[in-house]
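A short write-up of the structure that comes next.
Residue numbers (our numbering): 148 to 487.
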């Protein structure tokens, strides 16, 4: 994807007017009708043009910055090791090339789209790293329309031609379930991340499939939002039921640690009464007692790989989808055969 920023000529071509008319409209000067002015301003916003950044556009200078928007609860970003590891990987690669990382937390995908338009129009960034791919993701066509260099991190679904770096989440969760079954567990539940995320859907589908293939009956998944609070609530829901699980797989380490605390609060022994598996290993998993069995991968390396691919795209080099390392199981003290 070439680093082509929108220009006055692009607006003039789409509006069917001269570049002078576009200049009049953007600068609030007389010489065009009100209807034409509104049409030109709408087109400028649509393609991400910002008149205040004309000097940089004319000089062709790069911003030497990469954007990252996160549509997650802001309170989790400071405590979730996965994001810290990911960002450290971004920074290691970007810093070596004298690029900065511009970060903004938003509440909705629609707000993400507006941030992309503003950043690109104001020449504040040269490309973006996109996380949390969704089905029919509204961000993908906007990135294509803006011709904004981008790399999608995670998810193996349709990214509308945007370069993706992904790992086999389905294979990882299948390994975790098979391990628990080999220990003797037959009632296995899962506490997931946000259900609208594509990687959550991939994990849920794989979890359902492997449980069915192994004859485990209902595969129960309780959705949460990666926070400790939601992880605790989901764990209580599972453990107060009449047919409580003997093992729970969590979609991140923060929820797994919270789940461990709930089990101990309810007088259950881990791993005697309940085995716990956390997704994405971190120091948190080793600091608690018992230490948590986890699905491990090089998160920092994952981030560095995404940054490298994006810098290649910014430089106009051909980039393609990349399958990263699949998370592998690291058994620790939180898993054992269930009590008979």
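Every residue gets a Cβ at the ideal spot worked out from N, C-alpha and C, and that includes glycine.
Everything numeric in this text was worked out from a predicted model, so none of it was measured.
Terminal residues of the beta strand (DSSP E) in which residue i lies
i, result
"residue 337", "335-339"
"residue 248", "247-252"
"residue 311", "310-313"
Residue i burial status per 10 Å Cβ neighbour count (16 or more: buried)
i, result
"residue 160", "exposed"
"residue 264", "buried"
"residue 345", "buried"
"residue 434", "exposed"
"residue 165", "exposed"
"residue 255", "exposed"
"residue 153", "buried"
"residue 257", "exposed"
"residue 377", "buried"
Boundaries of the alpha helix (DSSP H) in which residue i is found, first to last residue
i, result
"residue 277", "Careful: residue 277 lies outside any alpha helix (DSSP H), inside the beta strand (DSSP E) at 274-278."
"residue 346", "345-360"
"residue 485", "Per DSSP, residue 485 belongs to no alpha helix (DSSP H) and is neither H nor E."
"residue 295", "Looking at the DSSP string, residue 295 is not in any alpha helix (DSSP H), and its letter there is neither H nor E."
6 Å CB neighbourhood of residue i in its chain, flanking five on each side removed
i, result
"residue 459", "466"
"residue 320", "350, 353 and 354"
"residue 217", "252"
"residue 171", "178 and 179"
"residue 327", "335 and 394"
Cβ pair residue i, residue j closer than 8 Å
i, j, result
"residue 422", "residue 332", "yes"
"residue 338", "residue 375", "no"
"residue 395", "residue 406", "yes"
"residue 419", "residue 486", "yes"
"residue 236", "residue 447", "yes"
"residue 268", "residue 461", "no"
"residue 308", "residue 294", "no"
"residue 372", "residue 413", "no"
"residue 262", "residue 457", "no"
"residue 241", "residue 277", "no"
"residue 398", "residue 347", "yes"
"residue 369", "residue 384", "yes"
"residue 334", "residue 382", "no"
7 Å Cβ shell around residue i - same chain, five flanking residues per side excluded
i, result
"residue 445", "472"
"residue 272", "210, 212, 213, 214, 249 and 266"
"residue 259", "216, 218, 253 and 286"
Sequence-distant residues of the same chain with beta carbon closer than 8 Å to residue i, five excluded per side
i, result
"residue 475", "319, 322, 442, 443 and 444"
"residue 477", "428, 440, 441, 442 and 443"
- Message: Which runs of the alpha helix (DSSP H) at least 4 residues long sit entirely within the segment 374-457? Give them in chain order.
- Response: 375-386, 400-412 and 430-434
- Mind pulling the beta strand (DSSP E) runs of 3 or more residues that sit fully within the segment 208-247? 212-217
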